[in-house]
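Participant: So for the sequence shown, this note's numbering puts the first residue at 27; every next one is plus one.
For each residue, glycine too, the CB sits at the ideal point set by N, CA and C.
In this text the structure is predicted, and so the values were computed from the model without any measurement.
Sharing a structure with you now.
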Amino acid sequence: MNEYDSNRISDLMSSIDFTKVSEIESADCFIFNTCHIREKATQKVYSDIGKIKKILRGKNKKPIFVLAGCVAQAESSIVFEKSDFVDIVVGPQAYHTLPNLIKNYLEGQKKTFNTDLNVSEKFDSLEYYKNLSSKVSSFITIQEGCDKFCKFCVVPYTRGPEFSRHPDQIINEIKTLVNNGAREITLLGQNVSGYLHEKINLASLIKKISPIQDLKRIRFTTSHPNDFDEDLINIFRDEEKLMPQLHLPVQSGSNKILNLMNRKHTREFYLELIYKFKKVRKNMEFSSDFIVGYPGETEEDFKDTLDLVETVKFSNSFSFIYSQRPGTPAVDYQQIPKEIAKTRLEILQNKLFNLQMKFNESKINTKTKVLLENITKKGNQLFGRNEYMQAVFIEGTKSFPGTEAEVFINSCTKNNLFGTMINN
Ligand code: SF4
Numbered sequence: 027m028n029e030y031d032s033n034r035i036s037d038l039m040s041s042i043d044f045t046k047v048s049e050i051e052s053a054d055c056f057i058f059n060t061c062h063i064r065e066k067a068t069q070k071v072y073s074d075i076g077k078i079k080k081i082l083r084g085k086n087k088k089p090i091f092v093l094a095g096c097v098a099q100a101e102s103s104i105v106f107e108k109s110d111f112v113d114i115v116v117g118p119q120a121y122h123t124l125p126n127l128i129k130n131y132l133e134g135q136k137k138t139f140n141t142d143l144n145v146s147e148k149f150d151s152l153e154y155y156k157n158l159s160s161k162v163s164s165f166i167t168i169q170e171g172c173d174k175f176c177k178f179c180v181v182p183y184t185r186g187p188e189f190s191r192h193p194d195q196i197i198n199e200i201k202t203l204v205n206n207g208a209r210e211i212t213l214l215g216q217n218v219s220g221y222l223h224e225k226i227n228l229a230s231l232i233k234k235i236s237p238i239q240d241l242k243r244i245r246f247t248t249s250h251p252n253d254f255d256e257d258l259i260n261i262f263r264d265e266e267k268l269m270p271q272l273h274l275p276v277q278s279g280s281n282k283i284l285n286l287m288n289r290k291h292t293r294e295f296y297l298e299l300i301y302k303f304k305k306v307r308k309n310m311e312f313s314s315d316f317i318v319g320y321p322g323e324t325e326e327d328f329k330d331t332l333d334l335v336e337t338v339k340f341s342n343s344f345s346f347i348y349s350q351r352p353g354t355p356a357v358d359y360q361q362i363p364k365e366i367a368k369t370r371l372e373i374l375q376n377k378l379f380n381l382q383m384k385f386n387e388s389k390i391n392t393k394t395k396v397l398l399e400n401i402t403k404k405g406n407q408l409f410g411r412n413e414y415m416q417a418v419f420i421e422g423t424k425s426f427p428g429t430e431a432e433v434f435i436n437s438c439t440k441n442n443l444f445g446t447m448i449n450n
């Protein structure tokens, strides 16, 4: 989502005649768009600000410095106490005000912040600024915030309550992106499966988006298992443009831990859901998120997670050791020793990596449909992704960005497939 937000911030900045530059020394304005999900996000931001300060030491003119995103939201005006270098602080639901904040700053040189959670106003304002992204595979935010309050997660506090954009706004923006060259659209939301605008849910939104001419692929992320009703399961059967790959975070395979996390679903419910998807679309594959070493996790709980992984056979996944987020309920729970968590993470990741490798190997000597994106930096290969988001490198130097090619896969590594184009 930060990639989408950064693109939109760039669109806003061009409206007040700022353009992107590639050298630090030549910038009149810096905007750090920050994420609060990772551990030590806040410390990292201040350390990165320090690095910029050091590079610019000795220059006559100080650039405007904007801190945006979820760290800005969490820290708000405290930022000014911690760093005299920052001039403007703007939260993820208020960045549409940035052109005005910058103009005011230029007039009065007064430090200012806006961390309002007015997401509806943000998207209404953004309608006046064309999305200039021209990537073959583009993102669009359709939903923000979360009401689920998992006990480890900071999102409900930094992005606010659930909000779903108006479908017309979304469709117009997708049409602009497709006109600019996008062929694959990923619908984004912290809890995208909970999308609901009046009576339009995610399944009906996908049905509305699908007929857009020249749009070839649709994906969405990130979802919560509890939001999948029959409509949202069957849409994978009914809409060919919706890719057969779903990122469906489970976090743990133990019912006890799921309960402690306030996930509000069980492992049985999750497995049943996977079965339902496979029933409507046999070739579906899944990726997931895992938290290891959550407070209260025993060896038995961890084994339940390994068992679930083995049952679903995820095609790829993200896994992390639980880390405390200030302001969330789990921060005060009795933590389990770091060494134990580290060992468990290693075991889990080995398992996940082996499954990923097996999945990649299963593609060798088969054909796969690749949406071509670009020529690699070295200039001797084409790059694209297949239906399962696997990165595919293809022999050849002539790129046709935005076209789908049949590719014969010759070899693979854990992260990539390598092949030869079949059709021209
Ligand atoms: S559903 Fe996702 S975004 Fe919402 S609180 Fe849980 S982990 Fe965070």
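Taking all protein chains shown into account, decide if Thr247 is buried (16 or more other Cβ within 10 angstroms of its Cβ) or exposed.
Facilitator: Thr247 should be labelled buried.
Participant: Skipping 5 residues on each side, what residues in its chain have a beta carbon closer than 7 Å to that of Gln361?
Facilitator: Pro321
Participant: With a threshold of 16 other CB atoms inside 10 Å of the CB of Thr446, please say whether the residue is buried or exposed.
Facilitator: exposed
Participant: From this set, Val92, Thr394, Phe58, Pro427, which residue's C-alpha is nearest Phe409's C-alpha?
Facilitator: Pro427
Participant: What's the call for Asp358, buried or exposed, on a 16-neighbour Cβ count within 10 Å?
Facilitator: Only exposed fits Asp358, as fewer than 16 other CB atoms lie within 10 angstroms of its CB.
Participant: Pull every residue with its beta-carbon under 6 Å away from any heavy atom of ligand 1, and keep them in chain order.
Facilitator: Cys172, Lys174, Phe175, Cys176, Cys179, Val181, Pro182, Gln216, Asn217, His250
Participant: Give a yes or no on whether the C-beta atoms belonging to Thr60 and Val112 are separated by under 8 Å.
Facilitator: In this structure, Val112 does not lie closer than 8 Å to Thr60 by Cβ.
Participant: On the three-state DSSP scale, how would you describe His122?
Facilitator: helix
Participant: Give the single residue among Gly279, Leu228, Ile238, Gly215 whose Cα lies nearest to the Cα of Ile259.
Facilitator: Leu228
Participant: Look at Asp443 and Ser425 and say whether their C-beta atoms are less than 8 Å apart.
Facilitator: Note that residue 443 is Leu in the sequence shown here, rather than Asp. The answer is no: Cβ separation not under 8 Å.
Participant: Could you tell me which of Lys87, Gly319, Pro89, Leu158 sits nearest to Ser41, measuring between CA atoms?
Facilitator: Leu158
Participant: Are the beta-carbon atoms of Ile435 and Lys384 separated by less than 8 Å?
Facilitator: no
Participant: Can we say the segment 320-340 touches the segment 271-284, given the rule of at least three CB pairs closer than 8 Å?
Facilitator: yes
Participant: Put Asp110 into one of helix, strand or coil per three-state DSSP.
Facilitator: In the structure shown, Asp110 sits in coil (DSSP, three-state: anything other than H, G, I, E or B).
Participant: Sort Ala356, Met269, Phe165, Asn400 by Cα distance to Asn33 and report the nearest one.
Facilitator: Phe165
Participant: Quick check: the Cα distance between Ser36 and Ile366, rounded to an integer number of angstroms?
Facilitator: Taking the straight line from one Cα to the other gives about 44 Å.
Participant: With the cut-off set at 8 Å, would you say Pro118 and Arg64 are in Cβ contact?
Facilitator: In this structure, Arg64 does not lie closer than 8 Å to Pro118 by Cβ.
Participant: The beta strand (DSSP E) that contains Lys77, what's its start and end?
Facilitator: From DSSP, Lys77 is part of no beta strand (DSSP E) but of the alpha helix (DSSP H) over 67-82.
Participant: Taking 8 Å as the threshold, find out whether the segment 336-355 comes into contact with the segment 304-317 through three or more Cβ pairs.
Facilitator: yes
Participant: Given Ser190, which residues of its chain have a CB within under 6 Å of its CB, disregarding the five upstream and five downstream residues?
Facilitator: Taking C-beta separations shorter than 6 Å and ignoring five residues to either side along the sequence, the partners of Ser190 in its chain run Gln169, Tyr221, Leu222, His223, following chain order.
Participant: Taking the beta strand (DSSP E) that Cys438 falls in, what are its first and last residues?
Facilitator: 430-438
Participant: Tell me whether the segment 349-357 and the segment 399-418 touch, counting them as touching only if at least three CB pairs, one residue from each stretch, are closer than 8 Å.
Facilitator: no
Participant: Grouping DSSP H, G and I as helix and E and B as strand, with all else coil, what is Ala94?
Facilitator: strand
Participant: Can you have a look at Ser48 and say buried or exposed, based on whether 16 or more other CB atoms are within 10 angstroms of its CB?
Facilitator: Burial is judged here by how many other beta carbons sit within 10 angstroms of a residue's own beta carbon; Ser48 has fewer than 16 and is exposed.
Participant: Cutting at 8 Å between CB atoms, please list the residues of its own chain near Val116, excluding the five before and the five after it.
Facilitator: Val92, Leu93, Ala94, Ala98, Thr123, Leu124, Leu127, Phe139, Asn140, Thr141
Participant: Identify every run of the alpha helix (DSSP H) within the segment 148-220, keeping only runs that are complete inside it and at least 4 residues long; order them along the chain.
Facilitator: 181-184, 193-205
Participant: Distance, Cα to Cα, Leu132 vs Pro89?
Facilitator: Each residue's CA atom was taken as its position, placing Leu132 and Pro89 some 11 Å apart.
Participant: Taking Cβ positions, are Glu101 and Thr68 nearer each other than 8 Å?
Facilitator: A contact, by the Cβ cut-off of 8 Å.
Participant: Kindly list the residues whose CB is nearer than 6 Å to the CB of His291, restricted to its own chain and excluding five residues on each side of it in sequence; keep chain order.
Facilitator: Pro251, Asn252
Participant: Please identify the residue among Val162, Lys129, Gly171 whose C-alpha is closest to the C-alpha of Leu143.
Facilitator: Gly171
Participant: Check Gly134 in the structure and name its three-state DSSP category.
Facilitator: helix
Participant: Measure the C-alpha to C-alpha separation of Asn380 and Thr337 and round it to an integer number of angstroms.
Facilitator: 14 Å
Participant: Whose C-beta lies closer than 8 Å to the C-beta of Ile238 among residues of the same chain, with five residues either side of it excluded?
Facilitator: Ile197, Ile200, Lys201, Val204
Participant: If you follow the alpha helix (DSSP H) that Phe254 is part of, which residue opens it and which one closes it?
Facilitator: No alpha helix (DSSP H) contains Phe254, which DSSP labels as neither H nor E.
Participant: Are the beta-carbon atoms belonging to Ser230 and Ser249 less than 8 Å from one another?
Facilitator: no
Participant: Less than 8 Å between the CB atoms is what I'm expecting for Arg209 and Asp240, so what's the real figure, rounded?
Facilitator: Cβ-Cβ separation between Arg209 and Asp240: approximately 7 Å, consistent with a contact (criterion under 8 Å).
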